[in-house]
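The opening residue of the sequence shown carries number 6 in my numbering; numbering runs sequentially from there.
Glycine included, each C-beta is placed from N, C-alpha and C at the ideal position.
Okay, so here's the structure we're looking at.
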Amino acid sequence: MAGPNVHHHQPVLLTELEMGPLGGRESRDVSGFNQALVSLLPGLREHTCAAGAPGGFVSRLEEGTYFGHVVEHVALELSARAGIGVRYGKTLFLREPFTYLVVVRCLNEAGMRRIIRAAVELTRCLLAGAPFPIEPAIEEARRLAAGTSLGISGASIVEAALRRGIPARRVEDGSSLVQLGLGVRRRLVAAAFTDGTGGLGAEIAADKSRAKHLLRDAFLPVPEGEVVATGEDAVAAAAEIGGAVVVKPLEGNHGRGVSTSLREPGEILSAFHAARAVCPQVIVEKHVEGDDHRVLVVGGRAAAASRRRPPCVTGDGRRTVAELIAAVNADPRRGAGHARPLTRIDPSDVAAEATLARQGLALDAVPEKGRAVRLRDAANLSAGGDACDVTGRAHPSILAACERAARVVGLDICGVDLVTTDVARPLDETGGAIIEVNAGPGLRMHLAPSSGEARAVGDAVVSMLFPAGNDGRIPIVSVTGTNGKTTVARMIGHVLGAQGLRVGLATTDGIHLGGTELARGDMTGPRSARAILMDPAVEAAVLETARGGIVRGGLGYDWADVGVITNIQRDHIGQDGIRDLDDLLHIKSLVAERVREGGAVVLNAGDPLLAGLAESPSVARPGRRIVLFSLHRTLLSRRHVAAGGLAYHARDGWIAEFGPDGDVPIACIRAIPAAHAGAASFNVLNALAAVASCRALGVPPQVIAEALAGFEANLLNDGRFNILETPRGKVVVDYGHNPAAFEAVGRMASGMRQRKLLGVVGVPGDRDLGVLEEGARTLARFFDVLFVREDADTRGRRRGEIAALMRRSIASENPACRCAVVLDEAAAVRAALETMEQGDLLVCFYDDRQAVRRALAAHGASPAPAAALESPARSRARTARMLPLGQE
6 MAGPNVHHHQ PVLLTELEMG PLGGRESRDV SGFNQALVSL LPGLREHTCA AGAPGGFVSR
66 LEEGTYFGHV VEHVALELSA RAGIGVRYGK TLFLREPFTY LVVVRCLNEA GMRRIIRAAV
126 ELTRCLLAGA PFPIEPAIEE ARRLAAGTSL GISGASIVEA ALRRGIPARR VEDGSSLVQL
186 GLGVRRRLVA AAFTDGTGGL GAEIAADKSR AKHLLRDAFL PVPEGEVVAT GEDAVAAAAE
246 IGGAVVVKPL EGNHGRGVST SLREPGEILS AFHAARAVCP QVIVEKHVEG DDHRVLVVGG
306 RAAAASRRRP PCVTGDGRRT VAELIAAVNA DPRRGAGHAR PLTRIDPSDV AAEATLARQG
366 LALDAVPEKG RAVRLRDAAN LSAGGDACDV TGRAHPSILA ACERAARVVG LDICGVDLVT
426 TDVARPLDET GGAIIEVNAG PGLRMHLAPS SGEARAVGDA VVSMLFPAGN DGRIPIVSVT
486 GTNGKTTVAR MIGHVLGAQG LRVGLATTDG IHLGGTELAR GDMTGPRSAR AILMDPAVEA
546 AVLETARGGI VRGGLGYDWA DVGVITNIQR DHIGQDGIRD LDDLLHIKSL VAERVREGGA
606 VVLNAGDPLL AGLAESPSVA RPGRRIVLFS LHRTLLSRRH VAAGGLAYHA RDGWIAEFGP
666 DGDVPIACIR AIPAAHAGAA SFNVLNALAA VASCRALGVP PQVIAEALAG FEANLLNDGR
726 FNILETPRGK VVVDYGHNPA AFEAVGRMAS GMRQRKLLGV VGVPGDRDLG VLEEGARTLA
786 RFFDVLFVRE DADTRGRRRG EIAALMRRSI ASENPACRCA VVLDEAAAVR AALETMEQGD
846 LLVCFYDDRQ AVRRALAAHG ASPAPAAALE SPARSRARTA RMLPLGQE
């Protein structure tokens, strides 16, 4: 789980462990196991476990603990040994028989997956009395982590962003591509490339000849040179240039194929072939005396400067060159590739052999004491070179020249390579020159120089991408609860759109951007949230955040500005280990806990569980506002307002804001089509939640009132208490599928009917039996005729099982209710329509909305106009002028 989740607010790896024959056995039951485990992993003695002090876990071992718990702590210890140490873990009983869930913090997915497997293998081996090769497993995990972690450059940018509170998300595990910021403020970076790095600028930088031409035209000092196609041309070009030359590939990086200070035709010819192995075109240019330097330019300003040295060793008169290289490579700062501050020197490199040959040496030679032996011509860190920070010494004119070079080439982040004998003096005094410009330059020489001061170049990149005052965030509203989530999310999205924002909306029905459908289906999980938040067209995000997504994937964002919980009702009991309403509250309260400082938690004060959550320490934290809503004022809301808080209630036909400074009418309830002149109390409650959320974002009352007055249910709230007309009577289409929804819709429909009330209904097959029976009894109290159908996906139940259970419960509650079982949903709708008589009202609680719509359309159903749903008096009230709203 990459985002905040019910186990931890940081990424975690979940592992299900089926214990098999170990079920019910404890660590004390296996003779010698505890001693063998601690002997193999002595670091376990420092694990605190529940005791909160070192030695806590060892005490648990001796007292006896289940082996799932053992695997958790072994994984934590192995992660420390592998260098990806994490300290958070917990083990939970998941289900019978003896299946546990092991949760560990996850800093690197590939590495932690190997660690978990190793922890299981190690525990299994010790139980069998067999040896376990621990070091190879640790080394493999270390290798996997190194190969999939962000490089030093990318990591420094991400860390700098997080320090500023800017959201950062790796787009794909193992990839260098990172998303910084959200929506319209989103920026993409890959190491030192950004989405602002021009493709043409990068192309010019890669073509050394073209780059030199641009720089020369800008009167910047560059060495004389020529592009050649053959070895003979290279020798001729060197003769024409005169003196020592450099031979290098026209396009390349990391110093591959670069040979310097060449004079002899044979050397030049060999260097040409080495360069041509990298790129078909080769450049020969004048050798500039001095040290190699790199100036990093970020956003047009020099951020750091470094003097680079090629890899070299110093002879001691005893050891061979190969042995001297091995000694240098033993430095813990050196590693493979770019994972460490310095790179190991590769003695088998062809370029190294050629460089040694020009000095009259080979790998098995023993250089005299004190002799400096150069191993490569290029001074790149990737070849094993090192770097010294010289930012403070670099002459201002040199820095200005490098800044100009980056501008001329057109790079937002540019590494300018220059050679000079003294970086503290102007280039025209030393005969120095700019020899290359580089797109996507490595940052590690500045972040972790071999000597000198480290420079915060990651911060410079972030400051360029996100100037002061830009935290990379857009308004995020996250909506959860049992019922009303979709309607509340749609209302909020409609209001924010009316304010002029381009809204990304994710609901049970799909993803919409600015009112246009982008994807269809249940889009209430973290993947949908991330899809919205990565779109640079999105100016505000409204995310329906359902239980399933939270449990199985966590949240798709780090912090929201507003977190809404509509209610906690009996639904999903028996799923995902949910036993009761408290479990549901625990899951959904994550939305409230992940509201950022200065944001608002919007809670239903009429729900006893949420009323308690309003005063919970994990939710009511300093800097976080609690906002309450309910149909009527409650003791909690009165206390809350008296203490300086805000609450929203229905009063005298208005949705009103109650605060310490008085009451402010926001919207006339009769003017809200979805409220059906106040008769649809559930939609009045939904509107209250939406108003509270929009006010928390600072939306003016007038904007909210006008937007809600235009929130036509059939157009903007598809599938949520939509009313259609047929030749025989009205039809209500609704997504209700739990007892509370059946109750709310049943009451509303009872007030609308003229004759009989008919219903087509079903309940998902994975619901708890008690919830199913309660829903059936609720339906029986309101409906005269019921057609019981089943979802296409019975979710593990036998076909017809759920319908039979519901039919029995309906008959038990109300024998007068006529109940028929028609398993196919469309067939059930057709049967109900054929049964309808003039003036009857039919309610279709759907699973497949499109199938229901098609069946209704075949019987001539069409959306009922808003005026047809109200009496003439109510219709006139909808268009009445609103009362003065007062001062903001």
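Worksheet item: What are the partner residues of R412, as DSSP defines its beta bridges?
Response: The partner list for R412 (beta bridge, DSSP) is empty, contrary to what the question assumes.
Item to complete: Starting from N475, follow the beta strand (DSSP E) in both directions and report where the run begins and ends.
Response: Counting along the chain, N475 falls outside any beta strand (DSSP E), and DSSP gives it neither H nor E.
Worksheet item: Where does Q184 land, buried or exposed, given buried means 16+ other C-beta within 10 angstroms?
Response: buried
Fill in: A833 and V827 closer than 8 Å at C-beta
yes
Worksheet item: For V493 versus A781, is the C-beta spacing smaller than 8 Å?
Response: no
Worksheet item: How about I440 and P228: are their beta carbons less than 8 Å apart?
Response: yes
Worksheet item: Who does A546 pair with in a DSSP beta bridge?
Response: I481 and G509
Item to complete: Entirely within the segment 26-110 and at least 3 residues each: give me those beta strand (DSSP E) ranges in chain order.
Response: Segments of the beta strand (DSSP E) lying fully in the segment 26-110: 94-100 and 104-110.
Discussion item. Considering only their Cβ atoms, is the gap separating M6 from G558 smaller than 8 Å?
Written reply: yes
Worksheet item: How long is the line joining the alpha carbons of I671 and L713, rounded to whole angstroms?
Response: 10 Å
Worksheet item: Beta-carbon separation of L301 and I350 under 8 Å?
Response: For L301 and I350, no; Cβs fall outside 8 Å.
Discussion item. Let me confirm a value: D34 is counted as buried when at least 16 other C-beta atoms fall within 10 Å, else exposed. Which label applies?
Written reply: exposed
Worksheet item: Short check: CB of I555 to CB of L548, under 8 Å?
Response: No, they are not a contact pair.
Worksheet item: Should Q574 go down as buried or exposed, given a rule of 16 or more other Cβ atoms within 10 Å for buried?
Response: buried
Item to complete: Compute the distance between the beta-carbons of F471 and G463, then report whether it is under 8 Å.
Response: no
Worksheet entry | Cα-Cα separation between G322 and L366, rounded to whole angstroms | 14 Å
Fill in: According to DSSP, residues forming a beta bridge with P670
A661
Fill in: Nearest residue (CA-CA) to R507, options E544, R525, V484 and P454
E544
Practice prompt. Compute the Euclidean distance between the alpha carbons of G617 and T571, then round it to the nearest angstrom.
Written response: 14 Å
Worksheet item: DSSP three-state call for H681: helix, strand or coil?
Response: helix
Worksheet item: Per DSSP, what kind of secondary structure is H13 in: helix, strand or coil?
Response: coil
Fill in: Sequence ranges, alpha helix (DSSP H) only - wholly within the segment 573-660, length at least 4
586-598, 613-618 and 640-647
Practice prompt. In the DSSP assignment, find the unbroken alpha helix (DSSP H) run with P141 in it and report its ends.
Written response: I139 to T153
Discussion item. Rounded to whole angstroms, what is the Cα-Cα separation between L106 and F98?
Written reply: CA-to-CA, the gap between L106 and F98 works out to about 6 Å.
Worksheet item: Is the segment 511-522 touching the segment 611-626, taking contact as three or more C-beta pairs under 8 Å?
Response: no
Discussion item. Tell me which residues share the same chain as V75 and place their Cβ nearer than 8 Å to its Cβ, disregarding the 5 neighbours each side in the sequence.
Written reply: S32, L42, L66 and T128
Worksheet item: At which residues does the alpha helix (DSSP H) containing K217 begin and terminate?
Response: K213 to D222
Worksheet item: With respect to the alpha helix (DSSP H) encompassing C824, which residues constitute its N-terminal and C-terminal limits?
Response: No alpha helix (DSSP H) holds C824; the beta strand (DSSP E) holding it covers R823 to V826.
Practice prompt. Could you check what DSSP says for E328 in three-state terms: helix, strand or coil?
Written response: helix
Worksheet item: Run through DSSP, which three-state label would L22 get?
Response: Looking at L22 - three-state DSSP - the assignment turns out to be strand.
Practice prompt. Kindly identify the DSSP beta-bridge partner or partners of C317.
Written response: R379
Worksheet item: Residue ranges of each beta strand (DSSP E) run of no fewer than 3 residues wholly in the segment 682-753, ordered along the chain?
Response: 727-730 and 735-739
Item to complete: Return the CA-CA distance between E5 and E830, expressed in angstroms with no decimal places.
Response: Because the chain is modelled from 6 through 893, residue 5 falls outside the range shown and cannot be assessed.
Discussion item. Can you tell me whether Y93 is buried or exposed? The criterion is at least 16 other CB atoms within 10 Å of its CB, across all chains shown.
Written reply: Of the other Cβ atoms in all chains shown, fewer than 16 fall within 10 Å of the Cβ of Y93; this residue is therefore exposed.
Discussion item. Here's the rule I'm using: 16 or more other beta-carbon atoms within 10 Å means buried, otherwise exposed. How should L640 be labelled?
Written reply: exposed
Worksheet entry | Three-pair Cβ contact test at 8 Å for the segment 679-696 versus the segment 484-493 | The segment 679-696 makes contact with the segment 484-493; the number of CB pairs closer than 8 Å reaches 3 or more.
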